[in-house]
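The structure appears below as structure tokens.
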Amino acid sequence: MPPSDFARANIPELVEQLTTEESILLVAGVGSWKTHAVERLGIPAVKVSDGPNGIRGNHFLMGTPAKCLPSATALGATWDPQLVHEVGLKLLAPEAKLRAASVILAPTCNIQRSPLGGRSFESFSEDPYLSGMIAAFYVNGVQEGGIGATIKHFVGNDKENDRMAYDSIISERALREVYLMPFMLAQKLAKPWAYMTAYNRVNGTHMSENPAFLQKILRDEWKFDGMVHFLKLFGVYSVDLSINAGLDLEMPGVNKWRSLDLMNRSIGSRKITQRVIKQRATKVLELVQKCAIGAPEILDGDGEERTQESDADNSLMRRVAAQSIVLLKNDGDLLPLRPQNLKKVAIIGGNAKALVLSGGGSAALRASYFISPYQGIVDALTANPDVEVTYSEGARAYLTSPSLDKELSTEDGKPGWMGSWHAHESDESMTPLKEPLKVERIDETRMFISTSTPAGLTQRWTLRLRGYIQPREKDTPFEFGLICSGRAKLYVDGELLIDSWTRQRRGDYFFGLGSLEEYGVFNLKAGVKHNVLVEFCNVRAPADGDEDETLMHGSAGVRLGGAEVVVSDELLAEAVTLAKEADVVIAVVGLNADWETEGNDRTTLALPGRTDELVEKLVAANPNTVVVTESGSSILMPWIDKVPSVVHAWYLGNATGHAIADVLFGLQNPGGKLSLTFPNAEEDVPAYGHFHSENGKVNQALLKGYKHFQHRKIKPLFAFGHGLSYTTFDLSSLQLSQPTVTSDEFNLTVSLRIANTGGVAGAEVVQVYVTFPDMSGLTHPPLQLKGFAKVMLEPGQSEVVNIQLDKYAVSYWEERFATWVVEKGEYLVQVGNSSDRLGLQAKFVLERGFEWRGL
26 MPPSDFARAN
36 IPELVEQLTT
46 EESILLVAGV
56 GSWKTHAVER
66 LGIPAVKVSD
76 GPNGIRGNHF
86 LMGTPAKCLP
96 SATALGATWD
106 PQLVHEVGLK
116 LLAPEAKLRA
126 ASVILAPTCN
136 IQRSPLGGRS
146 FESFSEDPYL
156 SGMIAAFYVN
166 GVQEGGIGAT
176 IKHFVGNDKE
186 NDRMAYDSII
196 SERALREVYL
206 MPFMLAQKLA
216 KPWAYMTAYN
226 RVNGTHMSEN
236 PAFLQKILRD
246 EWKFDGMVHF
256 LKLFGVYSVD
266 LSINAGLDLE
276 MPGVNKWRSL
286 DLMNRSIGSR
296 KITQRVIKQR
306 ATKVLELVQK
316 CAIGAPEILD
326 GDGEERTQES
336 DADNSLMRRV
346 AAQSIVLLKN
356 DGDLLPLRPQ
366 NLKKVAIIGG
376 NAKALVLSGG
386 GSAALRASYF
396 ISPYQGIVDA
406 LTANPDVEVT
416 YSEGARAYLT
426 SPSLDKELST
436 EDGKPGWMGS
446 WHAHESDESM
456 TPLKEPLKVE
466 RIDETRMFIS
476 TSTPAGLTQR
486 WTLRLRGYIQ
496 PREKDTPFEF
506 GLICSGRAKL
516 YVDGELLIDS
526 WTRQRRGDYF
536 FGLGSLEEYG
546 VFNLKAGVKH
556 NVLVEFCNVR
566 APADGDEDET
576 LMHGSAGVRL
586 GGAEVVVSDE
596 LLAEAVTLAK
606 EADVVIAVVG
616 LNADWETEGN
626 DRTTLALPGR
636 TDELVEKLVA
646 ANPNTVVVTE
656 SGSSILMPWI
666 DKVPSVVHAW
676 YLGNATGHAI
686 ADVLFGLQNP
696 GGKLSLTFPN
706 AEEDVPAYGH
716 FHSENGKVNQ
726 ALLKGYKHFQ
736 HRKIKPLFAF
746 GHGLSYTTFD
756 LSSLQLSQPT
766 VTSDEFNLTV
776 SLRIANTGGV
786 AGAEVVQVYV
796 TFPDMSGLTH
806 PPLQLKGFAK
816 VMLEPGQSEV
826 VNIQLDKYAV
836 SYWEERFATW
846 VVEKGEYLVQ
856 VGNSSDRLGL
866 QAKFVLERGF
876 EWRGL
């Protein structure tokens with residue numbers, strides 16, 4: 026029978042028929058991306074895929090080209106849950122079906138306790154309410170499309186260094202009001218099919234082994250009836266503890282705890298029981314059945330991954346990207362630019378032409394197309410064929426050497442290089458066989474090989490990569506950079522240039538498993554195609570302090586980058602000269618997937634290299650300078666008082682350049698609002714001084730993000746919720762309805778009028794913040810976002826906006842009694858268009874309070 030027939034299966038009857046071995050197989054999974062099939066009982070396998078900002082499919086290496094959407098912080102910056110729902114339904118769910126994936130490992134809705142967190146870009150906001158609402162609509166959109174959503178990482182996973190071991194020390198109140206709240210809202214409003222646990226511990230216990238969260242809170246309090254799992258990079262650390270705590274599924278299926286041997290030994294020693302294993306298997310089967318009901322065509326399909334583009338999809342991606350962009354500053358109305366008024370435009374900056382799609386790690390994918398900021402601006406300027414465009418990198422700002430994807434070619438001139446895969450004489454041998462097992466063209470030079478290896482390789486294997494670097498117009502010193510998770514050496518024209526084979530230095534690349542980048546300079550001759558060879562083996566080389574030659578099971582990788590050697594002063598001078606000659610300068614600067622990535626945290630909020638110096642020199646040379654910044658989280662801007670116009674573009678995915686150009690040239694009136702606070706200094710961040718793990722402990726507090734800035738009366742660079750427009754808005758006539766209170770519910774309507782008082786159509790976000798009464802003696806945040814609405818208005822148009830507040834808007838967690846409390850007293854409601862611009866306020870009084878539990 027077709028696998029989709031499993032939609033009609035009787036799960037309890039199937040569970041009764043499962044053997045112990047079949048039950049064990051179901052709770053472990055096959056490799057990194059599939060659950061086990063049990064053909065005897067007609068139980069199909071289901072496939073999952075990474076999905077924070079696009080559906081990559083099952084291969085990091087030579088992956089299926091896919092749509093890359095804006096980062097989660099960018100989606101949060103839209104402040105538009107309905108738009109995010111549309112993204113889930115019309116983009117993410119169909120993309121999952123094209124990848125033959127029934128479940129996506131998304132969304133991520135952890136809280137940025139510090140913007141230094143390596144995966145800060147992957148979560149929606151520093152605010153739990155905004156994060157929870159965006160997450161809920163994301164989940165609803167995906168699941169309405171028949172695809173399961175996996176909300177993650179449950180809970181307290183907000184930094185990357187030491188992520189598998191650190192212990193997040195969080196008070197019960199902070200847990201409930203901040204860290205659990207986004208998950209709680211998503212559970213109440215969307216009911217995700219699955220939860221993924223965090224890598225870390227919380228209050229002493231790893232989340233994958235933590236019954237207080239997996240059972241008591243998630244299942245007993247919130248009534249979650251889906252599957253709990255960990256499907257990524259070995260975030261399970263035990264057999265019995267995770268099974269008994271409620272973790273239903275463990276992946277990947279290599280080097281795992283839930284092997285038949287270990288599970289049977291645990292049964293025999295009475296650490297686990299067959300009954301509990303079958304309970305976990307039941308949840309896996311219930312998920313499989315949801316997949317069979319939601320998208321039966323996937324289970325009945327051929328399992329092949331495909332790419333499909335459409336004008337409608339591309340238009341939606343461009344619109345979402347543009348609506349997430351935040352206009353931070355626009356003195357003198359320099360923006361929007363008018364192409365017809367320009368004669369010469371200088372585009373400057375390392376990010377202008379670079380492939381900056383998203384942050385790194387699980388969010389990374391192979392984009393089906395990419396429009397760079399440079400290309401997007403040039404395309405927009407075609408309206409004036411007489412305009413001249415000049416370009417300079419200005420300042421080197423990369424962390425690792427730029428990819429050589431477009432620099433290398435095969436002997437017959439095709440992009441990339443030829444890879445020959447060699448088995449070894451035996452699993453333990455370091456000697457490769459002379460004849461390759463497979464030869465193929467590989468068109469990328471950043472290669473996280475993972476499990477994308479040909480069948481038939483021995484446990485130890487070798488990959489030889491051969492190509493030619495494109496000829497230069499003149500003799501050029503060229504610096505290569507080599508990183509590996511394993512061991513590797515680089516030869517150019519037969520000369521050993523870099524040796525990370527004999528010994529190496531440990532680094533953070535490839536999810537913290539790679540070597541430090543090693544460099545070598547080779548003089549490329551004019552008009553000559555130079556031969557490039559990288560020899561790689563999946564066995565780590567020894568290093569100082571770590572002499573083990575570890576076999577990289579499922580985590581092998583090699584990266585070759587490089588760039589022409591330049592004198593930084595000359596590069597700066599070139600940019601300044603171009604700036605002086607231009608009518609307007611557009612500087613595109615920021616971070617990329619090397620700076621913000623899964624596996625390690627940032628060490629500074631500053632822009633890299635000489636970027637700040639470049640911006641200072643550009644605006645001194647030409648006051649008509651627009652700065653476009655790209656990053657997934659907060660950055661410092663020491664030049665902010667000198668630059669008239671600043672646009673923050675996050676990571677925008679495939680449509681990056683066109684979306685940026687739409688805002689710069691006024692085709693899209695910016696309506697984005699900051700989803701996290703931008704500080705003036707790193708010292709102003711709430712986690713400053715205790716962000717890092719100290720003896721394995723990470724302390725976390727209640728006042729996060731803008732709440733900390735308000736409480737400490739620290740002026741930020743740009744406040745949470747800030748964002749300008751090319752038009753103006755007026756908010757007036759604030760009214761509050763009479764609050765309605767029952768034994769466990771609260772309702773109140775916030776009503777006001779908003780008018781577009783400018784000359785162009787635009788969207789404004791009405792933000793509602795609540796201040797609690799000071800009756801309990803507890804410290805409450807000075808104000809908390811509890812409602813918002815995005816309103817689109819034509820020039821001169823006005824509209825009455827009604828925003829509903831419920832019990833979540835007036836509740837705090839009372840640790841002594843383990844309950845939510847709504848306190849009687851006087852509440853202050855403030856309304857405005859950012860957390861520091863709240864021009865309207867009103868009060869209401871609750872004559873009596875109440876307590877509640879659950880959702």
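Here the sequence shown is numbered in the numbering used here, starting from 26 and rising by one per residue. Every residue gets a Cβ at the ideal spot worked out from N, C-alpha and C, and that includes glycine. Quick caveat: nothing in here was measured; it's all calculated off a predicted structure.
Here Ser393 really is in contact with Ala91; their C-beta atoms are around 6 Å apart, less than 8 Å. When the beta-carbon positions are compared, Phe149 and Tyr676 stay at least 8 Å from each other. Nearest C-alpha to Asp273 among Gln822, Ala306 and Arg300: Ala306.
Its chain contains Val109, Gly113 and Pro132 as the residues whose beta carbon lies nearer than 6 Å to that of Tyr163, once the 5 sequence neighbours on both sides are disregarded; these appear in chain order. Around Glu851, the same chain offers Pro798, Lys868 and Val870 as residues with beta carbons nearer than 6 Å, after the five sequence neighbours per side are excluded.
Restricting attention to Ser74, Glu436 and Ser193, the CA atom closest to the CA of Glu120 is found in Ser74. Of the residues assessed, Pro69 falls on the buried side of the cut-off, its CB having 16 or more other CB atoms within 10 angstroms.
Residue pairing by DSSP places Phe395 in no beta bridge whatsoever. Counting along the chain, Asp192 sits inside no alpha helix (DSSP H); it lies in the beta strand (DSSP E) bounded by residues Asp192 to Ile195. By the Cβ criterion, the segment 577-592 is not in contact with the segment 365-378, since fewer than three pairs of Cβ atoms, one from each stretch, lie closer than 8 Å.
Closest in C-alpha terms to Leu699, from the list Gly714, Pro669, His683 and Tyr731, comes Tyr731. Taking C-beta atoms as the reference points, Glu655 and Gly386 fail to come closer than 8 Å. Taking each of Ala674, Pro410 and Glu719 in turn and checking the Cα distance to Gly748, the smallest one comes out for Ala674. The three-state reading of DSSP puts Ser836 in strand, counting E and B together.
For Phe259, the secondary structure class from DSSP, reduced to helix, strand or coil, is coil. Burial of Leu155 is indicated by the presence of at least 16 other C-beta atoms within 10 angstroms of its C-beta.
Every unbroken stretch of the alpha helix (DSSP H) spanning 4 or more residues and falling wholly within the segment 574-610 is given here in chain order: 593-606. Annotated as proximal: Trp218 and Val128, with beta-carbon spacing under 8 Å. In the three-state reduction of the DSSP assignment, Phe743 falls in the strand class. Runs of the beta strand (DSSP E) spanning 3 or more residues and lying entirely within the segment 481-506 occur at 486-494, in chain order. When rounded, the separation of the alpha-carbon atoms in Glu334 and Ser29 is 27 Å. Under the three-state reduction of DSSP, Gly157 is assigned to helix. In this structure, the beta-carbon distance from Pro695 to Gly357 does not fall below 8 Å. Rounded to whole angstroms, Asp245 and Tyr262 show a C-alpha spacing of 24 Å. Among the bridge pairs identified by DSSP, Gly444 is matched with Glu465 and Leu490. Minimum Cα-Cα distance from Ala680 among the listed residues Ile402, Pro764, Val793 and Thr407 corresponds to Ile402. Ser510 has its alpha-carbon roughly 17 Å from the corresponding atom of Gly444.
Ile508 is bridged by DSSP to Arg584.
DSSP, reduced to helix, strand and coil, places Asn694 outside both helices and strands of the structure shown, so it counts as coil.
Secondary structure note for Asp533: it is in no alpha helix (DSSP H), with a DSSP letter that is neither H nor E. Counting along the chain, no beta strand (DSSP E) covers Gln137, and no H or E run does either. Judged by beta-carbon spacing, Asn235 lies within the 8 Å limit of Ala270, meaning their Cβ atoms are closer than that value. Taken through DSSP and simplified to helix, strand or coil, Met662 comes out as coil.
Here Glu520 is bridged, per DSSP, to Val517. Nearest in C-alpha terms to Gly787, of all of Thr702, Arg737, Glu599 and Gly691, is Gly691. DSSP, reduced to helix, strand and coil, places Met817 within a strand of the structure shown.
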